[in-house]
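Notes to accompany the following structure.
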Amino acid sequence: MSSESGVPTFRDAQTGYWARFRPEDMATEEGFRAQPALVWRWYQHRRQMLQGVQPNAAHLALAAFAQQHPGRLTLITQNVDGLHQRAGSADVLCLHGDLMEDRFLDLPRPCCHPDTVETGDPPQCPRCGNMLRPGVVWFGEPLHLPTLEAGQHAARQCALMLVVGTAGAVYPAAGLARLARDAGAKVVIVNPYASELDAVAHVVLRGTAAQLLPLLLAAHVPTPPGGMADSA
Ligand SMILES: [Zn+2]
């Protein structure tokens, strides 16, 4: 979904100075507690990279569809880059959190307030030292349960699930496609490459999100009288 916007994957982002560090040390609570300044700067680096990219045609097509068909689309993503929100999508279920958000590392005490943190790498509560950390789900951490449950609910209720650009290897997110299929939905995969979910799908479309989603999401829009009949 986001590679066509130029967002590097987690591993591809680790180039240059950052190539010397193991992903496990940059994306676990243990790694953050061991080297909070280093890990915080890594996330600041990734946030700066995101400021230079834009939502692509796939993000925009989903947002436009949702605006034209209120209540018809539930958008569930494993991406943490915020590009769906920047494209105009609301109520996005971000299974792996949001890279642009912060939260406190330890349970916030009454003294801990995001607006009064001391700036630094990372910022921290001036009273108790509680550090801010990026609002993403790290290795070994559970997903935000209400978000996952909302996604599972949508998967059970939907008539059609589009599975876009995922290798389908990370659970429980990958389980949503099977959940939808078992509940009677049609499952359509959009992916330039083979994925582990291909066997779950009714239809597999080989192509990128930016190529195919604008066509798919516009395809059923009623054609005005006298208009093109083959706009799909
Ligand atoms: Zn505090």
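Quick note: the sequence shown uses my numbering, first residue 1026, plus one each step.
Note that CB positions come from ideal geometry on N, CA and C, so glycine has one too.
Since this is a predicted model, take the numbers as computed values, not measurements.
Item, Value
"Sheet register partners of C1119 (DSSP bridge)", "T1102"
"Helix, strand or coil at M1074 [DSSP, three-state]", "helix"
"Beta-bridge pairing of P1159 - partner residues as DSSP gives them", "D1127"
"The stretch 1106-1123 / the stretch 1073-1093 touching (three or more Cβ pairs under 8 Å)", "yes"
"E1166, DSSP secondary structure in three states", "coil"
"Status (buried if at least 16 other CB within 10 Å, exposed otherwise) for F1164", "exposed"
"Backbone secondary structure at M1186 - three-state DSSP", "strand"
"Status (buried if at least 16 other CB within 10 Å, exposed otherwise) for D1146", "exposed"
"R1058, buried or exposed, once every other Cβ within 10 Å from all chains shown has been counted against 16", "exposed"
"Cα-Cα separation, R1072 to E1049", "19 Å"
"Same chain, Cβ closer than 7 Å to P1217, neighbours up to 5 away in sequence not counted", "R1231, G1232, T1233"
"H1121 versus P1171 - alpha carbon distance", "12 Å"
"Assigned secondary structure, G1041 (DSSP; H/G/I helix, E/B strand, else coil)", "helix"
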